[in-house]
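Under UniProt numbering, the first residue of the sequence shown carries the number 1, and numbering increases by one thereafter.
Even glycine gets a Cβ: it sits at the ideal position worked out from N, Cα and C.
These numbers were taken from a predicted model, which means no experiment stands behind them.
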Amino acid sequence: MAPNLLLKAGFVRGDYDSKEEVTKCRTDFILQNCYSHLVGNGNDFQPMSARNSKEERVLMIFKTVIDEFRDSYANPIQEMARKMKHISVDLLPELLRSVSAELFCEGVTWSKVIGFFVFVGELAIHYAPNDESSDVINKLYESFCRHVKENLISWVEEHGGWEGVESLAKKRDSTPKIDTTSSDLNTTKSFNQGWYKNFATGAFRVVGTLVQLASPHVQSYA
């Protein structure tokens, strides 16, 4: 189940969202539901309910982009997470800080934010089988949630809030319309790939950075 962080620091959850405007997508809603989507139902991490159609729409976009990223770069991300799972659970907060510092050293973009989300999700999946108490899923979420709110939320707010991720979909929608009467059976696929190519260019650099970062940690804590 999702951790009861209301009993802990209010900044991590609960009190933080109470300060957000009603018209905005809640930070906790996005983080908890993306994490739940990434770790899967088998880990019993429960999602939050949307309070309006905007949250439902934005979450759907996040899930779509997350799945596209994960499908395209499954092997390097999974291999990196597999190597990192030998690091002590107590070092997870430091691990996330190190990964984030390397990942966002040249600035934050939506593709890097998505890459960070996917990395955390894969890390949770690889840690879970070795954790008899199943506590690692909650501990990793706490570290992930706190890190986003301490280090990324300012950028998110400056770029349209969590709704800003819709810019990825808008880029796809703004692509010139294809000729639906064409006999080319791959026109729709090409149309989608045209949008995704721009996104993937930045995403590939993200994955490469994370893979390189895994090596020193493995050597230090193996």
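Hey, residue i and residue j are a contact pair by Cβ (cut 8 Å); roughly how many whole angstroms apart?
i      : j      : result
Arg70  : Val108 : About 20 Å separates the two Cβ atoms, so there is no contact after all.
Trp110 : Ser167 : 7 Å
Lys24  : Gly161 : 5 Å
Leu140 : Leu92  : 6 Å
For the alpha helix (DSSP H) that residue i lies in, which residues bound it at each end?
i      : result
Met60  : 53-72
Ser98  : 92-103
Thr27  : 27-39
His159 : Premise fails: His159 is in no alpha helix (DSSP H) and is neither H nor E.
Glu122 : 110-127
Thr144 : Reading off the sequence, residue 144 comes out as Phe, not Thr. Note, Phe144: alpha helix (DSSP H), 135-151.
From residue i to residue j, what does the alpha carbon distance come to, in whole angstroms?
i      : j      : result
Arg82  : Arg51  : 36 Å
Asp135 : Asn33  : 18 Å
Cys145 : Ser53  : 23 Å
Glu68  : Leu95  : 25 Å
Glu157 : Leu123 : 26 Å
Phe29  : Met84  : 27 Å
Glu55  : Ile66  : 16 Å
Glu79  : His126 : 10 Å
Glu150 : Ile114 : 17 Å
Gly40  : Ser49  : 16 Å
Ser154 : Thr27  : 12 Å
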